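Enquirer:
In full-length UniProt numbering, the protein residues as written are 1 to 511.
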């Protein structure tokens with residue numbers, strides 16, 4: 001027995017703590033469940049009391065409305081019964097009408113955007129490609145200008161000097177090119193370009209033309225002189241050939257006569273009528289005559305060869321003349337093209353010394369006010385706000401609304417500068433939407449990015465002009481406008497219930 005007592009299981013302190021904590025937890029759960037039951041019972045009792053109270057009130061209300069008299073009703077309530085019933089009926093009627101209107105009447109829903117009135121072609125930024133020193137300023141901030149009016153004039157001394165230098169070189173090379181073309185085409189006179197002929201009354205141009213004409217004549221005369229010399233030699237050689245041909249014919253005939261006489265002498269020799277010496281003498285004459293014929297033929301061949309050489313010299317002379325002309329022409333054309341480009345560039349710069357207005361408009365944001373000031377190349381000088389272009393509104397559409405905004409939608413416009421109480425909203429139409437988001441250029445670094453889509457809204461000017469004529473209104477570029485782009489219609493009831501249904505939908509989806 002003592003062994004059994006000593007062998008019974010031992011409980012460690014840690015296990016004892018765990019058992020105690022489990023017991024306390026079970027007691028706490030029992031306590032919490034009892035508290036929850038008590039709370040539920042209390043809530044049910046209060047709810048039943050409220051329902052009983054409402055039922056009592058409803059019963060009294062029904063009794064009040066259905067029974068004209070009641071012994072439990074005091075005199076004040078009895079006297080006020082008719083007005084109260086009338087008010088109740090009016091309230092019920094208004095509630096029914098309001099409910100029907102809220103459920104059936106369509107209301108416009110749209111995307112609200114803030115916009116700026118501006119010309120349809122935007123402001124014209126005036127710049128100068130090269131820049132320069134200001135010589136005169138013809139306008140000031142807010143001036144009205146017409147297309148072509150002077151705005152600013154720059155110093156022209158340097159450009160004008162360079163322009164005159166390049167112009168002189170261009171005229172010289174152009175006249176040289178015209179002369180070489182005439183030489184290449186073997187013309188009798190030079191056909192100068194219209195660019196030179198239009199200024200022929202100028203002394204410098206007349207001198208250039210006169211110089212080229214003299215050079216043309218002298219070169220042509222030199223070439224013709226050399227060519228004529230060779231042609232004359234050919235003529236002389238041809239005449240020599242004619243003489244040699246005549247001598248050849250005469251020698252041939254003499255040889256034939258001598259040959260016939262030789263035959264006769266040989267016949268006589270055979271008969272013994274003449275001596276051998278006479279025969280030999282005749283044979284010598286025949287040989288001499290044949291030698292003369294051969295000599296003439298040789299001279300004729302040599303003369304023909306000399307004619308050929310002269311003709312080759314003429315061709316060579318022509319080729320050298322043409323090759324030299326073409327080489328000089330190519331060089332002149334390269335120089336002329338280069339100088340023409342420089343001349344046109346300087347002419348353009350000279351014409352732009354006076355900066356003019358590109359459109360009718362109003363001077364805005366004038367940045368230079370000092371005579372002698374320096375305008376940097378490509379920098380904005382001023383802006384011209386067009387006054388004859390149709391006005392539109394550039395509205396900033398939020399990214400969350402872009403899915404329902406597209407071209408052709410109707411827009412309702414209210415201008416901040418006009419009194420909202422007396423001025424109605426105006427109608428417009430969305431004519432274009434930017435393909436991508438636009439970031440505000442005026443935003444400072446470090447600020448939260450303000451990205452939006454730009455919708456261009458065309459104002460119904462016929463409608464606006466009717467109201468403007470009566471109320472003496474006028475639109476100006478830069479005016480702010482509140483634009484509501486109508487994206488659809490929905491009822492008031494739908495408008496009120498949509499947030500509730502959306503919230504409930506999201507709540508039911510939460511885990």
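Each residue gets a CB set at the ideal place from its N, CA and C atoms; glycine is no exception. All of these numbers come straight from a predicted model, not from anything done at the bench.
Using the beta-carbon count (16 or more within 10 Å), is residue 41 buried or exposed?
Expert: On the chain shown, residue 41 is found 41 positions in, with the first residue counted as 1. It is exposed - the Cβ of residue 41 has fewer than 16 other Cβ atoms within 10 Å.
Enquirer: So what does residue 414 bridge to, in DSSP terms?
Expert: Locating residue 414 in the chain shown gives position 414, counting from the first residue. DSSP output for residue 414 lists 482 as bridge partner(s).
Enquirer: With a threshold of 8 angstroms on Cβ separation, who are the neighbours of residue 274 within its own chain once the five nearest residues in sequence on each side are excluded?
Expert: As a first step, residue 274 must be located in the chain shown, where it is residue number 274. Excluding residues within five positions, the ones whose Cβ falls inside 8 angstroms are 265, 268.
Enquirer: In this structure, how does DSSP classify residue 379 when only helix, strand and coil are distinguished?
Expert: Counted from its first residue, the chain shown places residue 379 at position 379. Looking at residue 379 - three-state DSSP - the assignment turns out to be coil, as it is neither helix nor strand.
Enquirer: Helix, strand or coil, according to DSSP, for residue 168 in the structure here?
Expert: The residue you call residue 168 lines up with position 168 of the chain shown. Helix.
Enquirer: Would you check if the segment 382–399 and the segment 166–180 touch, i.e. whether three or more CB-CB distances between them fall below 8 angstroms?
Expert: The segment 166–180, when compared against the segment 382–399, does not touch it at the 8 angstroms Cβ threshold.
Enquirer: Of the choices 459, 416, 432, 422, whose alpha-carbon is the least far from that of residue 470?
Expert: Here residue 470 corresponds to residue number 470 of the chain shown, with the count starting at 1. Here the closest residue by C-alpha is 422.
Enquirer: Taking C-alpha atoms, which residue in 427, 465, 466 lies nearest to residue 459?
Expert: The residue labelled residue 459 in the question sits at position 459 within the chain shown. The candidate whose alpha carbon is nearest that of residue 459 is 427.
Enquirer: Check whether the segment 184–199 and the segment 208–216 are in contact - that is, three or more C-beta pairs closer than 8 angstroms.
Expert: The segment 184–199 vs the segment 208–216: in contact.
Enquirer: For residue 158, does the three-state DSSP call read helix, strand or coil?
Expert: Sequence index remark: in the chain shown, residue 158 carries index 158 (1-based). Helix at residue 158.
Enquirer: Below 8 angstroms, can you find three or more Cβ-Cβ pairs linking the segment 244–259 to the segment 300–315?
Expert: Taking 8 angstroms as the limit for Cβ pairs, the verdict is that the segment 300–315 does touch the segment 244–259.
Enquirer: Per DSSP, residue 345 is paired with what?
Expert: For the purposes of this step, residue 345 is taken as the residue at position 345 of the chain shown. Looking at the DSSP assignment, residue 345 forms no beta bridge with any residue, so it has no partner.
Enquirer: What span of residues does the beta strand (DSSP E) with residue 124 cover, start to end?
Expert: Translated into positions along the chain shown, residue 124 becomes position 124. Looking at the DSSP string, the run of the beta strand (DSSP E) that includes residue 124 is 124–127.
Enquirer: Any idea which residues DSSP pairs residue 461 with across the strands?
Expert: The residue you call residue 461 lines up with position 461 of the chain shown. According to DSSP, which records beta bridges pairwise, residue 461 is partnered with nothing at all.
Enquirer: Look up residue 213 in the DSSP assignment and say whether it is helix, strand or coil.
Expert: The residue you call residue 213 lines up with position 213 of the chain shown. Helix, per DSSP.
Enquirer: According to DSSP, simplified to helix, strand and coil, what is residue 327?
Expert: Sequence index remark: in the chain shown, residue 327 carries index 327 (1-based). DSSP places residue 327 in helix when its eight states are reduced to three.
Enquirer: Considering only the alpha carbon of each residue, which of 477, 284, 167 lies closest to residue 208?
Expert: For the purposes of this step, residue 208 is taken as the residue at position 208 of the chain shown. Of the listed residues, the one whose Cα sits closest to residue 208 is 167.
Enquirer: Quick check on residue 113: buried or exposed, where buried means 16 or more other Cβ atoms within 10 Å of its Cβ?
Expert: To locate residue 113, count along the chain shown from 1; it is residue 113. Buried, because 16 or more other Cβ atoms sit within 10 Å of the Cβ of residue 113.
Enquirer: One question on the structure: do residue 481 and residue 402 come within less than 8 angstroms of each other, judged by their Cβ atoms?
Expert: The count along the chain shown starts at 1 and reaches residue 481 at position 481. The count along the chain shown starts at 1 and reaches residue 402 at position 402. Contact flag unset, no.
Enquirer: Determine the burial state of residue 141: buried for a count of at least 16 other Cβ atoms within 10 Å of its Cβ, exposed for fewer.
Expert: Taking the first residue of the chain shown as position 1, residue 141 is located at position 141. When all chains shown are included, residue 141 counts as exposed.
Enquirer: Helix, strand or coil for residue 367, going by three-state DSSP, please let me know.
Expert: In the chain shown, residue 367 corresponds to position 367, counting from 1. Coil at residue 367, not helix or strand.
Enquirer: So if DSSP puts residue 48 in a beta bridge, which residue, or which two residues, is it bridged to?
Expert: Along the chain shown, one-based indexing puts residue 48 at 48. BP columns for residue 48 are empty, so no partner.
Enquirer: Would you kindly report the start and end of the unbroken alpha helix (DSSP H) that includes residue 195?
Expert: Within the chain shown, residue 195 is the residue found at index 195, counting from 1. It spans 194–197 - the alpha helix (DSSP H) in which residue 195 sits, taken as one unbroken run.
Enquirer: Look up residue 356 in the DSSP assignment and give the residues it is bridged to.
Expert: In the chain shown, the residue the question calls residue 356 occupies position 356. Partner(s): 150.
Enquirer: Between which two residues does the beta strand (DSSP E) holding residue 422 run?
Expert: Taking the first residue of the chain shown as position 1, residue 422 is located at position 422. Premise fails: residue 422 is in no beta strand (DSSP E) and is neither H nor E.
Enquirer: From this set, 205, 429, 342, which residue's C-alpha is nearest residue 162's C-alpha?
Expert: Position 162 of the chain shown, counted from the first residue, corresponds to residue 162. Answer by Cα proximity: 342.
Enquirer: Look at residue 554 and residue 294 and say whether their C-beta atoms are less than 8 angstroms apart.
Expert: The structure shown does not extend to residue 554, since the chain is modelled only from 1 through 511, so no value can be given for it.
Enquirer: Considering Cα atoms alone, identify which of 270, 283, 233, 133 is closest to residue 260.
Expert: The count along the chain shown starts at 1 and reaches residue 260 at position 260. Checking every option, the nearest Cα to that of residue 260 belongs to 283.
Enquirer: For residue 388, which residues does DSSP report across the bridge?
Expert: Reading the chain shown from its first residue, position 388 is the one you call residue 388. Paired residue(s): none; residue 388 is not in a bridge.
Enquirer: Are the beta-carbon atoms of residue 230 and residue 314 separated by less than 8 angstroms?
Expert: As a first step, residue 230 must be located in the chain shown, where it is residue number 230. As a first step, residue 314 must be located in the chain shown, where it is residue number 314. Closer than 8 angstroms, so yes.
Enquirer: So, for residue 359: in the same chain, excluding its five sequence neighbours on each side, which residues have a beta-carbon less than 7 angstroms away from its beta-carbon?
Expert: For the purposes of this step, residue 359 is taken as residue 359 along the chain shown, with counting starting at 1. The residues are 124, 147, 384, 386.
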